[in-house]
Each structure stands twice: as C-alpha cells, then as structure tokens.
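Enquirer:
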Amino acid sequence: MTRTATLGIDLGGTRIKGTVLDADGAVLWRDDRAVEHEVSAQALAEAIGSFAAAAAAASPVRVAAAGIGVPGVVDPATGALVGTTPHVPAWSDFPVRAALAERLGLPVAADNDANCAALAELRMGAARGAATAVMITLGTGLGAALISGGALVRGWLGGAGELGHLPIGSGEVACRCGVPGCVEPELSGEGLARIARARGLPWRDAPEVFAAAAAGHRDAVAMVARMADRLAVVVAIAAQMLDPERMVIGGGVAAAGEALLGRLRPAVARYAPGPWSRGMRIEAAAMGKDAGAIGAAILGREAAAAP
Ligand SMILES: [Zn+2]
C-alpha cells in the first residue's frame, strides 16, 4: 500500500498553522505565519490555499487529504461556516471545505478549530481513552468542544459546545459578538489585553498579565483571579451538561499552566459541587500549540477513510 500523508490547517485569530502528518501521526512538516483577516473572503481563501499548496509541495510523503479548523461554527453536512464569526469577519456563510478542496484538488474536511484541537487530544493527548470529555481552548477567543461516546458532538448545525459567548461577564469591554456582558474578553488573550488597556495597565497580552501576577502585582492578580472564576462558571456549565470524566484546558493562554488551573479547580468545586467534582479531572492539554493543526489533519484523514 502506498503511504500517504494528511495536511492539517488551523486558521486562528492572528496566525495560520499547518502540519503534515503521516499515517502513524508523526509530524512530517510544520509551519505557521501571520494571517490578515481584514481582507475579502476570496483573498483570505487564496492566502490559505497558497499556504496549503506550499505545505503539500514540501511534504516528503504525498499528501492525499486535508483538514481545516476555523474559529467559527461549521455545518458538519456542508463544511461551510454558519453565519458570521467575530474572528473571521470576511467569511459570512463561507463554504470553507469546498473552497479549499477546489484550490488543493484533494478531499478536504472542515470543522470548528476547538473541535479539531479536541480531536488531537482525544486521539493522541490528554483526552486519550476518555469516552466523555470536554475541551476548552483559550487563545485569541474561547473555544470549546464536547466528546461523548468517544466521538465529537457537533449538534445540528455544528454549534454544540460553543460556550465562548455566555452572558456571564462584566461587560467592561465589549465582545465583537454583540452579546451583552459576553464573558469571552475576560477569558481570552486578546480580551485580557483590551481590559488592561481600558484600565491603563501596561500588559499587552496574557503572558504579560500572568507574569505580572506571578510577581505579585495586585491588578494582575485580580485579573487572573477573575479569569479563573469566570472560566470555572463555564467549566461548571459544561460539566453539568455532559458529566465528563476529563476536562482539558488548552490554547495559548492555558500555557500559564498551574497558575491558572490551580485557581480553577477550587472554583469549579464551588460552582459544581455535585458528582462532577468527585471524579472529573481538570488537566492541561498535552498537544501543545499545534493541537489545532494536528487535529485538523486527523479530521481530514478520518473523513477521507470514512465510507
Ligand atoms: Zn462574545
């Protein structure tokens, strides 16, 4: 049998990442670059298409299929974005799967970016072996994915588990989604930077906020404590919906590790004191910053292999 590889693309809020995986899940190639979202839908698709074509050309093994994760709700039946997403304003109802398949000439699968990251954690990382799990990704925004029966739960139009825009925030800075009191700015890297700016504080991103908190800066400690508290509400809601055995926290902001999880666990126990706090393990993601791209490749491989 001829060996083939799969390309995974992760379209983030500020960067695009790509990996090529062989059939055993080994990474044969990876790259990432800044991506400009404030362009036309076609120009963004062209940029992604040329990145993907370069990846396929660079792969030492022939790329036979591809997957792409995007920060929005993707209809599992059509592979198109459902409506608009604040992180990719140019792409309203954009046919992501069809557009990339046309440019690459390969079978392509498309899904929500958090679903892709969760698939990587489920097959190779912190959710491996779990029948029921939730993954929450904290990056430019907040993404979430539900796993039940060892498979992703997508819902009717692909929106299952989209917990980022719950109206449980302070409303101090507005989210682009338009939901009053949307909590995402208090939980995302971009949001923390905006809150710091609004308060006249010097930190430009989440790592700077966490570093200042570790150094004992009172305003930064308060921001991190508030973040852990609001994240605990999101986790408690997800726990009560699905009763997962594992809760995996990933994404760039979660690189803070125990500085965040150490505050999160007792807060979750406070908000969800029932059976959920008895056995559910809250763990850091294991797949690192390429989780979304690796998961997208797994998605593409499994979709191409499906009957
Ligand atoms: Zn929002």
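Per this note's numbering, residue 1 is the first one in the sequence shown, and the count goes up by one each step.
Don't be surprised by glycine CBs; every beta carbon is placed ideally from N, CA and C.
This structure is a prediction, so every number in the text was calculated from the model and none was measured.
1. Short of 6 Å in beta carbon distance, which residues of its chain neighbour GLU190, apart from the five on each side in sequence? Order them along the chain.
2. Within the same chain, show all residues whose beta-carbon is closer than 6 Å to that of VAL179, passing over the 5 residues directly before and after it, in chain order.
3. Nearest CA to the CA of HIS217: which residue from VAL88, TRP203, ARG230 and ARG103?
4. So ASN112 and GLY143 are supposed to be a Cβ contact under 8 Å. How far apart are they, rounded?
5. If you compare alpha carbons, which of VAL70, GLU258, ALA118 and PRO86 is closest to PRO95?
6. Where LEU163 and VAL234 are concerned, what is the direct C-alpha to C-alpha distance, given to the nearest angstrom?
7. Tell me the residue span of the alpha helix (DSSP H) that contains LEU192.
8. Report, in whole angstroms, the separation of the C-beta atoms of GLU283 and VAL248, which I expect to be a contact under 8 Å.
9. Measure the C-alpha to C-alpha separation of GLY149 and LEU242 and round it to an integer number of angstroms.
10. Give me whichever residues DSSP pairs with LYS289 in a beta bridge.
11. Measure the Cβ-Cβ separation of GLY250 and ALA130 and say whether it is below 8 Å.
12. State the DSSP-derived secondary structure class of MET241, mapped to helix, strand or coil.
13. Cβ of ALA325 within 8 Å of Cβ of ALA220?
14. Among all residues, which have a Cβ less than 6 Å from at least one non-hydrogen atom of ligand 1, and in what chain order do they fall?
15. Per DSSP, what are the beta-bridge partners of VAL74 in this structure?
16. Would you tell me roughly how many angstroms separate the C-alpha atoms of VAL73 and TRP156, rounded to the nearest one?
17. Under 7 Å Cβ to Cβ from ALA261, same chain only, skipping five residues before and after it: list those, please.
18. Can you tell which of PHE210, GLY12 and ILE298 has its C-alpha closest to the C-alpha of VAL355?
19. Would ALA151 be called buried (16 or more neighbouring beta carbons within 10 Å of its own) or exposed?
20. Which full runs of the beta strand (DSSP E) of 3+ residues lie inside the region 80-123, going along the chain?
21. According to DSSP, is LEU21 helix, strand or coil?
22. I need the DSSP call for ASP205, collapsed to helix, strand or coil.
23. For THR21 versus ALA286, is the C-beta spacing smaller than 8 Å?
24. Going by the DSSP bridge assignment, what does VAL63 pair with across the sheet?
25. Go to ALA284, then tell me how far its beta strand (DSSP E) extends in each direction, as first and last residue.
Expert: By the coordinates alone:
1. THR140
2. HIS165 and PRO167
3. TRP203
4. ASN112 to GLY143, Cβ: 7 Å. Contact.
5. VAL70
6. 7 Å
7. 189-198
8. With a beta-carbon spacing of about 6 Å, GLU283 and VAL248 fall inside the 8 Å limit used to define contacts.
9. 11 Å
10. Per DSSP, none; premise fails for LYS289.
11. no
12. helix
13. Nothing about residue 325 can be reported from this structure: the residues present for the chain run from 1 to 307 only.
14. HIS165, CYS175, CYS177, VAL179, CYS182 and GLU184
15. DSSP output for VAL74 lists LEU81 as bridge partner(s).
16. 11 Å
17. It is worth fixing the name first, because residue 261 is Leu in this sequence and not Ala. Closer than 7 Å at Cβ, skipping near neighbours: ILE249, ILE282 and ALA284.
18. Since the first residue shown for the chain is 1 and the last is 307, residue 355 is missing from the structure and cannot be characterised.
19. Under a 10 Å Cβ-count criterion, ALA151 is classified as exposed, with fewer than 16 other Cβ atoms of the shown protein chains found around its own Cβ.
20. 108-112
21. strand
22. coil
23. The amino acid occupying residue 21 in the given sequence is Leu; Thr does not appear at that position. No, Cβ-Cβ distance for LEU21 and ALA286 is not below 8 Å.
24. ALA5
25. Judged by DSSP secondary structure, ALA284 falls within the beta strand (DSSP E) whose first and last residues are 281-284.
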